[in-house]
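Before any comments, here is the structure.
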Amino acid sequence: MNANDSQESTPESVGGTEPILEVRDLEKYFRVNEGVLASLVGATQYVRAVDGVSLTLAEGETFGLVGESGCGKSTLARTLLRLEEPTGGSITFRGTELTTLSDRELRPIRSEIQFIHQDPSSSLNPRKRIGDILRRPLELHRDLDETERAAEIRSLLDRVGLDPGMRHRYPHELSGGQKQRVEIARAISVNPSFIVADEPTSALDVTVQAQILELITEIQEEYDLTLVFISHDLRTIRYITDRVGVMYLGELVEVAPTGTIFDEPAHPYTQSLLSAVPEIGGSETAQIRLEGQPPDPIDTPSGCRFHTRCPLAQEACSAVEPESAFVSSDHQYRCHFTDPNTRTGTIGEPTDAAPDRIEDTGPEVSND
Amino acid sequence: MSHDRNVETARIETERDQSNPPQQLLDISDLSVTFPSQEGPVEAVTDVSLSIEPGETVGLVGESGSGKSVTAATILGLLEESARIDGSVEFDDQQLLTKTDDELREIRGDRISMIFQETGSSLNPVLTVGDQISETIRTHRSIPNEGISRLETSVLGNLLRSKSHPTNYERSWEQTVELFERVGIPAPEQRALEYPHEYSGGMKQRAMIAMAISCRPDLLIADEPTTALDVTIEAQILDLIDEVQAEFDTAVLFITHDMGVVNEICDRVAVMYAGRVVERAPTDELFAHPKHPYTQALLDSIPSLEGGQTLDPLAGQVPDPTDKPPGCPFGPRCPSATACCDARFPPEYPVTTADEPLPVREGGDDDVPSPRRNDPTGHAVHCVLYGSGDGLAPRRSPSDEDRQNADRGRPETDGGEP
Chain P
33 MNANDSQEST PESVGGTEPI LEVRDLEKYF RVNEGVLASL VGATQYVRAV
83 DGVSLTLAEG ETFGLVGESG CGKSTLARTL LRLEEPTGGS ITFRGTELTT
133 LSDRELRPIR SEIQFIHQDP SSSLNPRKRI GDILRRPLEL HRDLDETERA
183 AEIRSLLDRV GLDPGMRHRY PHELSGGQKQ RVEIARAISV NPSFIVADEP
233 TSALDVTVQA QILELITEIQ EEYDLTLVFI SHDLRTIRYI TDRVGVMYLG
283 ELVEVAPTGT IFDEPAHPYT QSLLSAVPEI GGSETAQIRL EGQPPDPIDT
333 PSGCRFHTRC PLAQEACSAV EPESAFVSSD HQYRCHFTDP NTRTGTIGEP
383 TDAAPDRIED TGPEVSND
Chain Y
32 MSHDRNVETA RIETERDQSN PPQQLLDISD LSVTFPSQEG PVEAVTDVSL
82 SIEPGETVGL VGESGSGKSV TAATILGLLE ESARIDGSVE FDDQQLLTKT
132 DDELREIRGD RISMIFQETG SSLNPVLTVG DQISETIRTH RSIPNEGISR
182 LETSVLGNLL RSKSHPTNYE RSWEQTVELF ERVGIPAPEQ RALEYPHEYS
232 GGMKQRAMIA MAISCRPDLL IADEPTTALD VTIEAQILDL IDEVQAEFDT
282 AVLFITHDMG VVNEICDRVA VMYAGRVVER APTDELFAHP KHPYTQALLD
332 SIPSLEGGQT LDPLAGQVPD PTDKPPGCPF GPRCPSATAC CDARFPPEYP
382 VTTADEPLPV REGGDDDVPS PRRNDPTGHA VHCVLYGSGD GLAPRRSPSD
432 EDRQNADRGR PETDGGEP
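As they're listed, the protein sequences go chains P and Y.
For our numbering, add 32 to where a residue sits in the first sequence, where the first one is 1.
For our numbering, add 31 to where a residue sits in the second sequence, where the first one is 1.
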């Protein structure tokens, strides 16, 4: 995929700091069950859950991943941590290539990278007390004696806003918000520098969500964390992230600073996603309604993957896969319309503007 | 996808003529529901009153455990036997709470129907989706030119019907396919023959809506119908509900925790907290001038799409249902709680846009103040801050501890009203 040649020109575009994580052409394909029939026909099918994602994360930034369910955002997150083995591409964490490390070699890095799950009810062992749940990572990754550990557990609970007496309780005795606080305490217990949070607030009520978002923000400042925050909730993304990647069918279709994504989205998918969010108060704005649902990830559409639902789609969109286009050095998106400003009208109305140079799209697309 | 319906143009304004005679379709008054539990009785719903006019969409909004789903289940008589129900639920001037199961069955699915959040568990996995919907039609509607005989409405008839009268079955099937088309399911003839697992979440919800509207109900109860869906699919489903509502003139009771969805679809809203309705208002009014401290906190907890704001989260959590405070359930978390809040739940105070909350003063009376006006305004709030008088006594036993225990290290809000 040649698109990544151009991406390499902007690895340190955010804040000018060193990248903490660099992802190149990351792929995670799942083989679809090979029945007798499939093996007879000889066709092996794959779900291309993550398909050629390239991404650079700067130290200390909060990167949001949004997309509909099934777009591959959780698989991408799990693959970043090598909880799933990537089927292609590279992941470089602070100069170390993660994809080739053995499990043993990976272990010291595990304490640097932590994961917060969506559903704390299933990620906390129901048979263990909160104190034991928090003790385990301390035993594995930190050189503390028993009294230091006990003190550390108390201070961790205190830090995430729980009564230290909670360490004697079992997970089922805690509310959803409290469990998520334990989950956060566990993640920060090993002093990580990088946390991936997969929908950490999706299962929570809105007032509890606000508490947890504030806690995550505080913790991030205190521990100087780089955060990948996955959510399907655009409001949460807007609140907590610095930069956003929008995923569709395994691809990043648009990456830009959060303000830009929300104020000047370039990709038609981002635009329709934003327009689908119900307004709180105020009148309804112009609505773009996406027809249908995301296509089958086993049989992804040809050309631009979004063309089956895109209100702007032209015939050529189904034939030619778009390359990454740049609006500015830190704003890139994959669409044939290389300049969103030349588009006439708003999305939702048919447009006469032909995709720029779609006929002679070679390996490189003009940035014009 | 061959199906090319333009949803946007079909979008219907939900503005309704408020001057219609206020004939209530559904009238819930002083409904309380108590469940037995090992830790003693749990009062899930307390003194809830709510009314819905024909063709109107009323939102019931609240966090988990606020009692909104129990309220809906009570209307349909879906609660378990052990639940104790007090109060009254009148539908079209008939008392629903005293009806027998058979009488309720006549109403359910025919005049009142329901769509659920969990479409996966509300469709039968071993029957085709078309079968399930056509069954509803056969059960409740006599097919034109094909009156269903007495035998057929019996249990035996249920087993024999499709064989003895294939045309009956075929006609209901035809109607099913029409309904599928109406709710925007592509290739309806084929999709009706498929099983629920072959459907995506959005499609299942469309099928559920098709089933719900198959008998043109007067009231549709929608319990978090879009919560499990992606935002793009949610928008499609909300549009669809809006359309079928306008087409069939169905009243909708819309239960959700999502304020954005409320804003999109509801004419009026009732906000619930810990089993009680704390505020009711027309939707625009609620969003523009929320009065109850809980409603304000709820709205403030939602991150804005404009960005640049800091959230000021409400501390603490919903009270334990087995151990609710005797007064206002929101009291322990309320930034403006006063002395009389702990004593008993305040009555309903009608408010207008301009009403300001009472100040908290030393030496104020700690009796529950009387309302400022007696005439209903359409916007009412269960909060003593909107009573008449010149001040309220500060809280005698500040349970600030409770709040700080749940949320230490953060300054409390000052209780200022916007």
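Where is the CB? At the ideal position from N, CA and C, for every residue including glycine.
Helix, strand or coil at residue i [DSSP, three-state]
{"i": "residue 418 of chain Y", "result": "strand"}
{"i": "residue 115 of chain P", "result": "coil"}
{"i": "residue 264 of chain Y", "result": "helix"}
{"i": "residue 187 of chain P", "result": "helix"}
{"i": "residue 104 of chain Y", "result": "helix"}
{"i": "residue 363 of chain P", "result": "strand"}
{"i": "residue 325 of chain Y", "result": "helix"}
{"i": "residue 120 of chain P", "result": "strand"}
{"i": "residue 348 of chain Y", "result": "coil"}
{"i": "residue 258 of chain P", "result": "strand"}
{"i": "residue 144 of chain Y", "result": "strand"}
{"i": "residue 343 of chain Y", "result": "coil"}
{"i": "residue 450 of chain Y", "result": "Residue 450 of chain Y lies beyond the stretch modelled for chain Y, which goes from 32 to 449, so this question has no answer here."}
{"i": "residue 115 of chain Y", "result": "strand"}
{"i": "residue 86 of chain P", "result": "strand"}
{"i": "residue 255 of chain Y", "result": "coil"}
{"i": "residue 280 of chain P", "result": "strand"}
{"i": "residue 241 of chain P", "result": "helix"}
{"i": "residue 128 of chain P", "result": "strand"}
{"i": "residue 138 of chain P", "result": "helix"}
Exposure label - residue i; buried when at least 16 CB within 10 Å
{"i": "residue 52 of chain P", "result": "buried"}
{"i": "residue 204 of chain P", "result": "exposed"}
{"i": "residue 369 of chain Y", "result": "buried"}
{"i": "residue 106 of chain Y", "result": "buried"}
{"i": "residue 200 of chain P", "result": "exposed"}
{"i": "residue 50 of chain P", "result": "exposed"}
{"i": "residue 400 of chain Y", "result": "buried"}
{"i": "residue 357 of chain Y", "result": "exposed"}
{"i": "residue 243 of chain Y", "result": "buried"}
{"i": "residue 262 of chain P", "result": "buried"}
{"i": "residue 72 of chain Y", "result": "exposed"}
{"i": "residue 129 of chain Y", "result": "exposed"}
{"i": "residue 481 of chain P", "result": "The displayed coordinates of chain P run from 33 to 400. Any statement about residue 481 of chain P would go beyond what the structure contains."}
{"i": "residue 127 of chain P", "result": "exposed"}
{"i": "residue 387 of chain Y", "result": "exposed"}
{"i": "residue 156 of chain Y", "result": "exposed"}
{"i": "residue 115 of chain Y", "result": "exposed"}
DSSP bridge partner residues for residue i (one or two, in chain order)
{"i": "residue 311 of chain Y", "result": "Y:301, Y:411"}
{"i": "residue 63 of chain P", "result": "P:78"}
{"i": "residue 357 of chain P", "result": "P:365"}
{"i": "residue 57 of chain Y", "result": "Y:83, Y:122"}
{"i": "residue 63 of chain Y", "result": "Y:117"}
{"i": "residue 226 of chain Y", "result": "Answer by DSSP bridge pairing: none, since residue 226 of chain Y is not bridged."}
{"i": "residue 289 of chain P", "result": "P:275"}
{"i": "residue 147 of chain P", "result": "P:228"}
{"i": "residue 369 of chain Y", "result": "Y:425"}
The ligand GTP heavy atom lying under 8 Å from the CB of residue i
{"i": "residue 192 of chain P", "result": "The ligand GTP is not among the ligands present in this structure, which contains no ligands whatsoever."}
Beta-carbon separation (whole angstroms), residue i vs residue j, contact threshold 8 Å
{"i": "residue 297 of chain Y", "j": "residue 89 of chain Y", "result": "6 Å"}
{"i": "residue 79 of chain P", "j": "residue 330 of chain P", "result": "5 Å"}
{"i": "residue 165 of chain P", "j": "residue 218 of chain P", "result": "6 Å"}
{"i": "residue 232 of chain P", "j": "residue 148 of chain P", "result": "5 Å"}
{"i": "residue 463 of chain Y", "j": "residue 310 of chain P", "result": "Not covered by the structure: residue 463 of chain Y. The range shown for chain Y is 32 to 449."}
- Message: Count Cβ pairs between the region 280–292 of chain Y and the region 90–98 of chain Y that sit closer than 8 Å; are there 3 or more?
- Response: yes
- Determine contact between the region 330–341 of chain Y and the region 235–242 of chain P, defined as no fewer than three beta-carbon pairs at a distance below 8 Å. yes
- Query: Does the count of Cβ pairs from the region 381–391 of chain Y and the region 404–419 of chain Y closer than 8 Å reach three?
  - Reply: yes
- Message: Within 8 Å, do at least three Cβ pairs link the region 138–152 of chain P to the region 111–126 of chain P?
- Response: yes
- Query: Does the count of Cβ pairs from the region 414–422 of chain Y and the region 303–323 of chain Y closer than 8 Å reach three?
  - Reply: yes
- Hey, is the region 331–348 of chain P in contact with the region 252–259 of chain P, meaning 3+ C-beta pairs nearer than 8 Å? no
- Spell out a yes or no on whether the region 74–83 of chain Y and the region 302–316 of chain Y are touching, meaning 3 or more CB-CB pairs, one atom from each, closer than 8 Å. yes
- Is the region 205–215 of chain Y close to the region 138–148 of chain Y, with three or more CB pairs under 8 Å? no
- Would you say the region 291–303 of chain Y touches the region 270–282 of chain P, given that touching needs at least three Cβ pairs under 8 Å? no
- Task: Could you tell me whether the region 177–187 of chain P touches the region 117–135 of chain P, using the rule of 3 or more Cβ pairs below 8 Å?
- Result: no
- Message: Whether or not the region 149–162 of chain P and the region 172–180 of chain P are in contact is what I'm after, with contact meaning three or more pairs of Cβ atoms, one per stretch, closer than 8 Å; do they touch?
- Response: no
- Query: Does the region 363–370 of chain P come close enough to the region 287–299 of chain P to have 3 or more Cβ pairs within less than 8 Å?
  - Reply: yes
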